[in-house]
Amino acid sequence: MAAILVTGAMGFIGSNFVLHWMRQHPHDRVVALDALTYAGNTENVAAVSGLPHFRFVHGDIADAQLIHQLFVEESIDTLVHFAAESHVDRSIADPQAFVRTNVLGTQCLLEAARRGQVRKFVHISTDEVYGSLGDEGYFTETTPLAPNSPYSASKAGSDCLARAYYETFGLPVVITRCSNNYGPYQHPEKLVPTIITQALRDEPIPVYGDGRNVRDWLHVEDHCEAIALAITQGVPGEVYNVGGHNERTNLEVVRTVLAELGKPESLIRFVPDRPGHDRRYAIDASKIGRELGWRPRYTFELGMKQTVEWYSGHTAWWTRWLQREEGT
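Counting from 1, one number per residue, gives the positions in the sequence shown under UniProt numbering.
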């Protein structure tokens, strides 16, 4: 029976991973750590919160004493690190918070994992660390890091620290870099939930610039399966790109959701582009397919349809988020 520490476990991808892992490994001990910032929600893991092998800890990944205590109390042998400040616009407004959590917090975890002699440390990163692509080509695991926002720069810094702990101390670190995730429990500030929740309320949908920025879209459940493989089969010191093979412009994503909901495209409102907005991301995920046998199961159309259905059926969940953000 493994003892797994999952950081950022109440966030979007982290909570989906907790649910996924506990379905597949019901006898493993899962310690879910989260600071419960604006993006954390304990409701996300309600389905497992009462199980005997699950423990939630409210805490900060930069709290070295707490992290050390968890390693001692729980005999942690695997760490899956999701916790991060991740919203680009917020990183432009407050870069320091991103450096503290994403860089210093990651170093704190790496050091605790080194001292605790974990069997595997899986560091969850993003394709944004590679910067922006032109109209052709794909990010591979050997693409140089060229971050363009405070958020992606802080994630690139954490990636470098993770790699350094492998090279210097032999810590069994595996890094995964994913494309844009979507699916259940994603905070309403992100693109897909914004489109859905605004459309459901017949409110204008903001689209940056000309809407032609391209992203590769990955269903969160496919991502969770890739992370599970990184835990069980990933080779220490290696990086694995995880992509959905679903390149779409932002405008195409908006139009897909509106069509699914039967809403008019007149809801679209183009707004001034944000600073440093990368034009295109696209991932070459052949390595994880070739070496670990991973393949995405969701097509873009099926994944978006199911995601729209989830948000349409969970209005109370996202309405509470919006009311808290709006202070009502």
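Ideal placement from N, C-alpha and C gives every residue a C-beta, glycine not left out. In this text the structure is predicted, and so the values were computed from the model without any measurement.
Helix, strand or coil at residue i according to DSSP, with G and I counted as helix
i: A230; result: helix
i: L51; result: coil
i: T7; result: strand
i: F17; result: helix
i: I67; result: helix
i: T328; result: For T328, the predicted structure reports a pLDDT of 47, less than 50, and the residue's modelled location is therefore unreliable. A value from the coordinates is still provided. Residue state, collapsed to three classes: coil.
i: P188; result: coil
i: E85; result: coil
i: V72; result: helix
i: K120; result: strand
i: L292; result: helix
i: A62; result: coil
i: T126; result: strand
i: L33; result: strand
i: L79; result: strand
Beta-carbon proximity check, residue i vs residue j, cutoff 8 Å
i: S132; j: D159; result: no
i: D222; j: R290; result: no
i: L33; j: L110; result: no
i: H187; j: W321; result: yes
i: N250; j: V207; result: yes
i: residue 334; j: V173; result: A query on residue 334 cannot be resolved here, the shown segment of the chain reaching from 1 to 328 and no further.
i: S149; j: G276; result: yes
i: L5; j: V31; result: yes
i: N213; j: R280; result: yes
i: G59; j: A39; result: no
i: V18; j: V48; result: yes
i: T101; j: A112; result: no
i: I205; j: V254; result: yes
i: A226; j: I283; result: no
i: R274; j: I92; result: yes
i: G243; j: A285; result: yes
Nearest-angstrom Cβ-Cβ length linking residue i and residue j, presumed shorter than 8 Å
i: R29; j: H53; result: 5 Å
i: A62; j: G105; result: 4 Å
i: N241; j: F82; result: Not quite, the Cβ-Cβ distance comes to about 17 Å (not below 8 Å), so this is no contact.
i: Y130; j: T142; result: Rounded, the Cβ-Cβ distance is 10 Å, inconsistent with contact.
i: W21; j: A228; result: 7 Å
i: V122; j: T176; result: 7 Å
Closest residue to residue i among the options (Cα-Cα distance)
i: A9; options: D202, R55 and M1; result: R55
i: D127; options: P204, C178 and D216; result: C178
i: E43; options: Y185, R269, F270 and P95; result: Y185
i: W317; options: A97, N41, R274 and I92; result: N41
i: Q306; options: V45, V103 and L261; result: L261
i: P272; options: T7, D89 and H68; result: D89
i: G211; options: N180, A162, I268 and C224; result: I268
i: L200; options: H68, V308 and C224; result: V308
i: W217; options: L191, E203 and I196; result: L191
i: residue 331; options: V45, D77 and A64; result: Since the first residue shown for the chain is 1 and the last is 328, residue 331 is missing from the structure and cannot be characterised.
i: E265; options: I196, Y311 and L292; result: I196
Next item on the list: Just list the alpha helix (DSSP H) runs in the segment 146-225, keeping only unbroken ones of 4 residues or longer that don't cross its boundaries, in chain order.
Entry: 150-169 and 191-200, all fully within the segment 146-225.
Check: Can you give, in chain order, each stretch of the beta strand (DSSP E) that sits fully within the segment 239-264 and has at least 3 residues?
Finding: As far as the segment 239-264 is concerned, its whole beta strand (DSSP E) runs of at least 3 residues are 239-242 and 247-249.
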